[in-house]
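For reference, the structure is listed below as structure tokens.
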Amino acid sequence: MTTNTAPPRRRTALLRGVLPVLGLAALLAGCEEPVTESQQTGYRGTGMVQINNVDVLALQAVANAVPEAQPPAEAYADEPRASQAYENVQVLGDLSEGEFLRIMTAITEWVAPDEGCTYCHTENLASDDIYTKVVARRMIQMTRAINTDWTAHVQQTGVTCYTCHRGHPVPLQTWSENPGPRTAGGMSAHRNGQNGANPATGLSSLPYDPFSALLRQPDDIRVVSKVALPLRGEGIGATIQETEKTYGLMIHMSEALGVNCTFCHNSRSFTAWDQSSPQRSIAWYGIRMVDAINTDYIDPLKPVFPATRLGPLGDPKKVNCATCHNGASKPLLGASMLQDYEQSLGAQAAVTPAAMPVPPATAPADAAPAAEPAAAPAATPETAPAAPAPAAPAPAAPAPAAPAPAAPATETPPAASEPPATQPGAN
Ligand code: HEC
Ligand code: HEC
Ligand code: HEC
Ligand code: HEC
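The numbering of the sequence shown is the working numbering, which starts it at 107 and goes up by one.
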């Protein structure tokens, strides 16, 4: 005898009616309606808006927390310079002994926290017998060069080893030449370096490796024709495959910064600079900076690295936007760790010419437009795009004159600080 007196048929009916309702309730309770936050970056109605999930932003804040700075070194009178105190200091020789040991401690925390000083040193601290020390010396020069020559991109915020390394000897986000997965031989279809889900291009079917081509030949990124119905030899420029690489790179850039295309572009014209946001000009410098970092600093280290550190085609792991940005539109959410290490890693008034590469020809000398995009003189929209002279034959030409994010005089895109929502009569 059961205690339940309801006849079996009614029980089944009850179950049929109640279960789906309960199930639906459970399902809905499991769904989260994301709380979002939006920021307008262009005119109303152009879709130039960034929408972020507040929970994702909270996770991002945790992931980008900055380690505490080392306490300042105590300075005392007649303190020797590192070059006097030690035997083999080739780059940081001008620092006081105290400041030198302070940066050694910081470098250890940023690059090899688990391994410690012995990641780069044997008992004889002056010896260069571990390759990591040779790499680290070059990385110090590279970091100084970024903070000196590329303020059009990194501004005064600058970078330290931590921007890329984040406690790992090899940064988590790098690229090397990628031939893609091996295909079977014979008559089997050749994938031509694309049509497989690759995280570098947002799991799209676009080419696996837009970096070898475009981060080394930035002028090839421009694909939009300047004429209607172009014919070969009349400005047709890019093939479909080249265009796909451009889109692959753009997806990388968007994911690296955690933004969508309209952070930089007004999608009614991906090519027009006068309709793009100031961030697109900053990105333009970033692309050239990445080329310079890889060409002048990382490539020459190839013979120094052991084979296990090289990519499948034998080239070193290189820098792209994600190496520094790690999913944030400003690395470390805009925090400047450099300000605590200006002496060792900051801009250098005079760099040793022998040790330093020639400053990039296309670069930051005329950083003005990028530095103060809002103030850029409003050129007439049609003339403005004179910009980053694509494929400028004379690389010495001050190409960056172009990215002048010249906002059309009549309608200035709302600055992020003034909430455009207050515009009267907007849709
Ligand atoms: C990521 C690599 C790296 C780590 C880790 C590291 N160092 Fe160094 N160290 C270097 C480099 C590179 C130089 C040479 C700098 C130069 O040429 O300007 C150097 C030089 C030195 C020198 C000068 C030796 C001489 O006589 O020439 C001392 C002392 C030193 N480090 C101490 C330390 C201590 C102590 C630690 C741990 C707290 C440490 N280092 C961790 C890379 C490293
Ligand atoms: C712009 C990004 C970037 C910055 C800034 C940077 N590095 Fe690196 N570093 C890299 C990349 C990329 C590699 C990996 C190269 C490879 O493995 O082929 C690397 C490799 C290294 C290695 C070799 C590690 C290993 O186990 O093979 C050392 C040591 C190193 N960096 C030290 C430093 C120090 C010290 C600084 C600051 C003075 C610094 N790096 C700043 C990008 C950076
Ligand atoms: C962080 C800023 C940024 C983001 C985000 C971005 N772009 Fe770009 N885009 C640029 C820059 C800068 C150039 C010009 C590159 C150059 O000339 O070196 C460019 C060029 C292009 C071009 C070529 C235009 C021409 O004149 O031929 C296309 C097409 C394009 N982007 C599409 C996209 C798409 C689609 C997305 C989103 C998936 C996107 N972009 C995201 C900055 C950005
Ligand atoms: C060496 C590190 C480094 C690399 C590599 C790098 N950036 Fe940056 N980027 C920075 C820093 C630092 C800032 C913040 C400057 C500031 O405080 O305004 C920044 C800022 C930006 C901004 C402005 C964001 C905003 O919110 O205003 C854009 C856009 C940008 N980067 C795009 C790129 C693109 C695209 C690439 C790859 C082609 C790239 N960056 C590669 C360090 C880097």
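Beta carbons: idealized from backbone N, C-alpha and C, even for Gly.
Assigned with DSSP and collapsed to three states, residue 357 falls in helix.
Going by C-alpha positions, residue 148 is about 7 Å away from residue 155. Judged by DSSP in its simplified three-state form, residue 244 adopts helix. The beta carbons of residue 354 and residue 305 sit about 12 Å from each other, so the pair does not count as a contact at 8 Å. Only buried fits residue 227, as 16 or more other CB atoms lie within 10 angstroms of its CB. If you draw a straight line from the Cα of residue 268 to the Cα of residue 414, it is about 23 Å long. Note that the region 221-241 does not touch the region 373-391; fewer than 3 beta-carbon pairs, one per stretch, sit closer than 8 Å. The C-beta distance from residue 451 to residue 250 rounds to 6 Å, short enough to fall under 8 Å. Annotation: the continuous beta strand (DSSP E) that includes residue 144 extends over 142-146. Within the region 151-232, the alpha helix (DSSP H) runs of at least 4 residues that lie entirely inside it are, in chain order, 160-169, 188-191, 203-217. In this structure, the beta-carbon distance from residue 143 to residue 160 falls below 7 Å. The closest heavy atom of ligand 4 lies 6 Å or more from the beta carbon of residue 351. Taking every protein chain shown into account, the CB of residue 259 has 16 or more other CB atoms within 10 angstroms, so this residue is buried. Taking each of 183, 273, 151 in turn and checking the Cα distance to residue 173, the smallest one comes out for 273. Taking 7 Å as the cut-off, the Cβ atoms of residue 176 and residue 212 count as close.
Only exposed fits residue 194, as fewer than 16 other CB atoms lie within 10 angstroms of its CB. The three-state reading of DSSP puts residue 422 in strand, counting E and B together. With respect to the 7 Å criterion, residue 243 and residue 276 are not classified as neighbours on the basis of their beta carbons. It is roughly 27 Å from the alpha-carbon of residue 434 to the alpha-carbon of residue 421.
For residue 316, the enclosing alpha helix (DSSP H) starts and ends at 316-320. Taking a C-beta distance under 7 Å as the contact criterion, residue 377 and residue 333 do not qualify as a contact pair. Annotation for residue 202: 179, 181, 185, 186, 187, 188 place their beta carbon closer than 8 Å to its own, counting only its chain and skipping 5 residues before and after. With respect to residue 310, residue 283 sits apart: the two C-beta atoms are not nearer than 7 Å.
The C-alpha of residue 204 is placed about 40 Å away from the C-alpha of residue 359.
Per DSSP, the unbroken alpha helix (DSSP H) holding residue 448 starts and ends at 448-451. Scanning the region 230-301 for uninterrupted alpha helix (DSSP H) segments of 4 residues or longer gives 237-255, 257-260, 267-271, listed from N- to C-terminal end. The residue from 324, 356, 266 with its alpha-carbon nearest to that of residue 446 is 266.
Set against 6 Å, the gap from the CB of residue 430 to the closest heavy atom of ligand 3 is not smaller.
In this structure, 152 is the residue among 137, 427, 134, 152 with its C-alpha nearest to the C-alpha of residue 372. Cβ neighbours of residue 281 within its own chain (closer than 6 Å, five residues either side excluded): 317, 424, 426. Contact between residue 350 and residue 313 is confirmed by a C-beta separation of about 6 Å, below the 8 Å threshold.
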